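Take the sequence shown: its position 74, counted from the start at 1, is 75 in the working numbering, and no numbers get skipped. I have placed the structure first, in the form of structure tokens, so that the comments after it can refer back to it.
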Amino acid sequence: MRPDRRRVLLVGGHESRDGRCLTGLVGPDGPEVRAVGRDLHAALAGRDRIVAVPMTLGRDPELPAVAAQTLRWAARERAPGDLLLAGPLGTTGHLVGWIRGAVTRALRDGPPRQAVLLVAPAAGPEPDAELFRVARLVRQYTSVRWVEVALIGGDPDVDEGVGRCLRLGADGVVLVPASFVPVAPRPGVRTAGPLLGAASLATLVRERVAEAEHRWDRYGDDGLATVHHGHGHEHGHGHGHGHEHGREHGHGRGHRDEHDHTDRHRNPSVPVTADLKGAASHVG
2 MRPDRRRVLL
12 VGGHESRDGR
22 CLTGLVGPDG
32 PEVRAVGRDL
42 HAALAGRDRI
52 VAVPMTLGRD
62 PELPAVAAQT
72 LRWAARERAP
82 GDLLLAGPLG
92 TTGHLVGWIR
102 GAVTRALRDG
112 PPRQAVLLVA
122 PAAGPEPDAE
132 LFRVARLVRQ
142 YTSVRWVEVA
152 LIGGDPDVDE
162 GVGRCLRLGA
172 DGVVLVPASF
182 VPVAPRPGVR
192 TAGPLLGAAS
202 LATLVRERVA
212 EAEHRWDRYG
222 DDGLATVHHG
232 HGHEHGHGHG
242 HGHEHGREHG
252 HGRGHRDEHD
262 HTDRHRNPSV
272 PVTADLKGAA
282 SHVG
């Protein structure tokens, strides 16, 4: 690592099995992957100039806040700016766009009356409910008649989801992952690949790191003042929650320019299609 570059840590939560499903995507030469909490804390010991990226696709809004708490604790005896927290990899608005891309690719072949079954690990009432909302938005912005949800280790499970699709009249079912966790293949059921290929994932990580470094260099904002707003996001994108999700800035330097730039992202009146345009460039 060049002395002028920061060490990048990818912080995983339930969408990646605490990061275990990220290691294969980033490869042996990619950034280090750590689980949020004690594993992240251990990775900070004896290291400096670190930027941590919360690896959520949008359904783990607590991940940035928990990572920030760990970094704040470790930053107490460090020089300002030694530890930076990047923004989350994506929001649910991005997730809808990435799933739309995966659905489009998956439905190029196969019977005309196919159903899409979004699959992700069960994580709790709110993130699970959020997946149902994502499914509704995917259906709204695609020509697919059936977009259903299945939860690994939850209700409905994948077998129940496939059965429901067939009972609704679909001639075939495509399993589409809605997290970093790969979907186990099933006989007679097609399975789509990952939402984000290795190249797209690497590009997104570089963008989040660059944003974090720019925010520190220009505004003195290390990202560690991220606060928890229920089921909100840092820099929450307008996708219909009906309330604002933001960042508390605990630093004395002004952030008006950055806040003006991100007003659209904080405004819940902006339709989800605004996020879908940005997400389309990273599908692959």
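Glycine included, C-beta positions come from ideal geometry on N, C-alpha and C. Nothing here was measured: the structure is a model prediction, and the numbers come from that model.
When Val117, Ile153, Ser144 are compared against Leu167, the one with the closest alpha-carbon: When the alpha-carbon of Leu167 is set against those of Val117, Ile153, Ser144, the nearest one is in Val117.
Going by C-alpha to C-alpha distance, which of Gly88, Asp40, Ala53, Val120 sits closest to Pro195? Cα-wise, what sits closest to Pro195 is Val120.
With DSSP collapsed to three states, give me the class of Leu45. Here Leu45 sits in helix by DSSP.
Coil, strand or helix - Gly198 by DSSP: Here Gly198 sits in coil by DSSP.
Tell me the rounded alpha-carbon separation between Leu225 and Val135. So the two alpha carbons sit approximately 29 Å from each other.
Is the CB-CB distance between Leu132 and Val150 below 9 Å? Against a cut-off of 9 Å, the Cβ pair of Val150 and Leu132 comes out as a contact.
Figure out for me which residue from His42, Gly173, Ala80 has the closest Cα to the Cα of Gly13. Taking each of His42, Gly173, Ala80 in turn and checking the Cα distance to Gly13, the smallest one comes out for His42.
Since I believe Val174 is in contact with Val163 (beta carbons under 8 Å), could you give me their beta-carbon distance rounded to a whole number of angstroms? Confirmed, Cβ separation roughly 5 Å.
Beta-carbon proximity of Ile153 to Ala123, cut-off 9 Å: Yes.
Run the CB neighbour count on Thr105, radius 10 Å, all protein chains shown included, and call it buried at 16 or more, exposed below. Around the beta carbon of Thr105, fewer than 16 other beta carbons sit within 10 angstroms, so the residue counts as exposed.
Restricting to runs no shorter than 4 residues, where is the alpha helix (DSSP H) found entirely within the region 84-113? Segments of the alpha helix (DSSP H) lying fully in the region 84-113: 93-107.
Are there 16 or more other CB atoms within 10 angstroms of the CB of Pro178, so buried, or fewer, so exposed? Its Cβ being crowded by 16 or more others within 10 Å, Pro178 is buried.
Other residues of its chain near Leu85: CB distance less than 6 Å, five sequence neighbours each side excluded: The beta carbon of Leu85 sits closer than 6 Å to those of Val52, Ala213, Trp217, Asp223, Gly224, all from its chain and outside the five residues before and after it, given in chain order.
Where does the unbroken alpha helix (DSSP H) through Ala75 begin, and where does it stop? Residues 63-75.
Entirely enclosed beta strand (DSSP E) segments - the region 103-163, minimum 3 residues: With a minimum length of 3 residues, the continuous beta strand (DSSP E) runs that stay inside the region 103-163 are 115-122, 147-153.
When DSSP builds the beta bridges, which residues end up paired with Glu16? Under DSSP, Glu16 shares a beta bridge with no residue.
Compare the beta carbon distance of Ala87 and Pro128 with 9 Å and say whether it is the shorter of the two. Their beta carbons are not under 9 Å apart, which means Ala87 does not touch Pro128 by this criterion.
What are the boundary residues of the beta strand (DSSP E) that Leu176 is part of? Its beta strand (DSSP E) spans residues 173-178.
Start and end residues, alpha helix (DSSP H) containing Ala52: For the sequence presented, residue 52 should be read as Val rather than Ala. Where Val52 is concerned, there is no enclosing alpha helix (DSSP H), although the beta strand (DSSP E) it sits in stretches over 51-55.
Return yes when the Cβ of Val34 is within less than 9 Å of the Cβ of Val1, no when it is not. Absent from the structure is residue 1, since the part of the chain shown begins at 2 and ends at 285.
If you follow the alpha helix (DSSP H) that Val27 is part of, which residue opens it and which one closes it? Its alpha helix (DSSP H) spans residues 24-27.
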